[in-house]
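Asks: Below are the structure tokens for one structure; questions will follow.
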Amino acid sequence: MKLIIAEDYTELSRIAADIVENQVLLKPDSCLGTVTGGSPAGMYLELVRRSREEGLDLSEISVINTDEYAGLSGDHPQSYRYYLEHRFLDPCKIPGERAAVPRGDAGDLEQECRRYEAFCRSHPADLQILGMGHTGHIGFNEPEDHFPEGSHIVSLAPETMAANAAYFESGEQMPTQAVTVGIGTIMGAKRILLLVSGSSKAEITYRFLCGKITPRVPATILRFHPAVTAVIDKDALSVVREKEPERLDLRAGGRKE
Ligand code: GLP
Numbered sequence: 021m022k023l024i025i026a027e028d029y030t031e032l033s034r035i036a037a038d039i040v041e042n043q044v045l046l047k048p049d050s051c052l053g054t055v056t057g058g059s060p061a062g063m064y065l066e067l068v069r070r071s072r073e074e075g076l077d078l079s080e081i082s083v084i085n086t087d088e089y090a091g092l093s094g095d096h097p098q099s100y101r102y103y104l105e106h107r108f109l110d111p112c113k114i115p116g117e118r119a120a121v122p123r124g125d126a127g128d129l130e131q132e133c134r135r136y137e138a139f140c141r142s143h144p145a146d147l148q149i150l151g152m153g154h155t156g157h158i159g160f161n162e163p164e165d166h167f168p169e170g171s172h173i174v175s176l177a178p179e180t181m182a183a184n185a186a187y188f189e190s191g192e193q194m195p196t197q198a199v200t201v202g203i204g205t206i207m208g209a210k211r212i213l214l215l216v217s218g219s220s221k222a223e224i225t226y227r228f229l230c231g232k233i234t235p236r237v238p239a240t241i242l243r244f245h246p247a248v249t250a251v252i253d254k255d256a257l258s259v260v261r262e263k264e265p266e267r268l269d270l271r272a273g274g275r276k277e
């Protein structure tokens, strides 16, 4: 795994946008695996700016999102389809039909998982972008006693509910379940870009980088993938720096401060 230490969230977002831009320059019709949430928000803003001001052409890419809240339709403002359309697809002129997001409002969610998994298997991501939740989740793969292989329905962990409640109106009922691609689906990507920012992620970042590989911290499995770049800012690395600073210097390919 290559670790890039970013000064702060702004630098993390710029480095992430550089990596996506390079991917698209090399292969204009790249398939990008995407996530939503706070971690990639600055990267999307920067990609939109580059597409508007610098002629970055993203119009040929396709997009496969990792997850969606159960029960929300794509036009619900808190749905992940809505987030992607408004923050990335529309402003970058990426046709909506080239973006796949699980249908959270499907009548039969089990069937929707099977459909989505088949689609993901036939469209492996050239670059899978990921954030990491406070539980160590990737996509919505919460801590479990095993690594789930394919797309499935998940019950959200209490910490995840608490972290994501901020995005919902007060009094609004937040979904308690989601549809997510599996760990196997994510590990099928050719390259992976993991973004982690902020002191609230410092403890889980320590467990991600220094703890044992376990489904109790799902992101740890990424250490087995052959082509992962993790861009992590200094605030998120504060516990690693305190407890095992040598990790930051020894990791192959890591950029020293
Ligand atoms: C969310 C999403 C994930 C995201 C992760 C981290 O709830 N379902 O796709 O990557 O949790 O979120 P954030 O970047 O907002 O911390």
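So the sequence shown is numbered by this note's numbering: it starts at 21 and just counts up by one. Positions of the beta carbon are idealized from the N, C-alpha and C atoms, including for glycine.
1. Looking only at its chain, what residues have a beta carbon closer than 8 Å to the beta carbon of Gly204, apart from the 5 residues adjacent to it on each side?
2. Kindly give me the distance between the Cβ atoms of Leu7 and Leu32, rounded to whole angstroms, as I take these residues to be in contact under 8 Å.
3. So, Leu109 versus Ala119, is the Cβ gap smaller than 7 Å?
4. When DSSP labels each residue in this structure, what does Met21 get in the three-state scheme?
5. Ser33 by DSSP, collapsed to three states: which one?
6. For a test of your reading of the model: does the CB of Thr30 fall under 6 Å from any non-hydrogen atom of the ligand GLP? Yes or no.
7. Inspect the beta-carbon positions of Ile158 and Ala250 and report whether they are closer than 7 Å.
8. How should Ser175 be labelled, buried or exposed, when 16 other C-beta atoms within 10 angstroms of its C-beta is the threshold for buried?
9. Would you kindly report the start and end of the unbroken beta strand (DSSP E) that includes Glu88?
10. When we look at the beta-carbon of Asp253 and count the other beta-carbons within 10 Å, is it buried (16 or more) or exposed?
11. Check whether the stretch 225 to 239 touches the stretch 142 to 162, counting contact only when three or more Cβ pairs, one atom from each stretch, lie closer than 8 Å.
12. Look at Gly153 and Ser59 and say whether their C-beta atoms are less than 7 Å apart.
13. Just to confirm before moving on: does the CB-CB distance between Asp255 and Gly218 stay below 7 Å?
14. Along the chain, where does the alpha helix (DSSP H) that runs through Leu268 open and close?
15. With DSSP run on the structure shown, which of helix, strand or coil describes Lys276?
16. Which first and last residues belong to the beta strand (DSSP E) in which Ala250 is found?
17. Between which two residues does the alpha helix (DSSP H) carrying Ala198 extend?
Replies: So, from the listed chains and residues:
1. The residue you call residue 204 lines up with position 184 of the sequence shown. Answer for Gly204: Phe167, Pro168, Glu169, Gly170, listed in chain order.
2. This structure cannot settle anything about residue 7, because the visible part of the chain is limited to 21 through 277.
3. As a position in the sequence shown, residue 109 is number 89, starting the count at 1. As a position in the sequence shown, residue 119 is number 99, starting the count at 1. For Leu109 and Ala119, yes; Cβs fall inside 7 Å.
4. Position 1 of the sequence shown, counting from 1, holds the residue named residue 21. DSSP places Met21 in coil when its eight states are reduced to three.
5. Working through the sequence shown from its first residue, we reach residue 33 at position 13. In the structure shown, Ser33 sits in a helix (DSSP, three-state: H, G or I).
6. One-based indexing of the sequence shown puts residue 30 at position 10. Thr30 Cβ: outside cutoff for every heavy atom of the ligand GLP.
7. In the sequence shown, residue 158 corresponds to position 138, counting from 1. In the sequence shown, residue 250 corresponds to position 230, counting from 1. Going by C-beta atoms, Ile158 is not nearer than 7 Å to Ala250.
8. Reading the sequence shown from its first residue, position 155 is the one you call residue 175. Classification of Ser175: exposed, given that the 10 Å Cβ count is below 16.
9. Along the sequence shown, one-based indexing puts residue 88 at 68. Residues 87 to 89.
10. What you label residue 253 is simply residue 233 of the sequence shown in a count that begins at 1. When all chains shown are included, Asp253 counts as buried.
11. yes
12. Numbered from its first residue, the sequence shown carries residue 153 at position 133. Numbered from its first residue, the sequence shown carries residue 59 at position 39. Cβ distance not < 7 Å, so Gly153 and Ser59 don't count as in contact.
13. In the sequence shown, the residue the question calls residue 255 occupies position 235. In the sequence shown, the residue the question calls residue 218 occupies position 198. A contact, by the Cβ cut-off of 7 Å.
14. As a first step, residue 268 is located in the sequence shown; it is residue number 248 there, counting from the start. From DSSP, the alpha helix (DSSP H) with Leu268 extends over 266 to 270.
15. On the sequence shown, position 256 is the one that residue 276 refers to. The predicted position of Lys276 is uncertain, since its pLDDT is 43 and thus under 50; no value can be drawn from it.
16. Indexing the sequence shown from 1 puts residue 250 at position 230. It spans 248 to 253 - the beta strand (DSSP E) in which Ala250 sits, taken as one unbroken run.
17. Position 178 of the sequence shown, counted from the first residue, corresponds to residue 198. Taken as a continuous stretch (DSSP letters only), Ala198 belongs to no alpha helix (DSSP H), being part of the beta strand (DSSP E) at 197 to 200.
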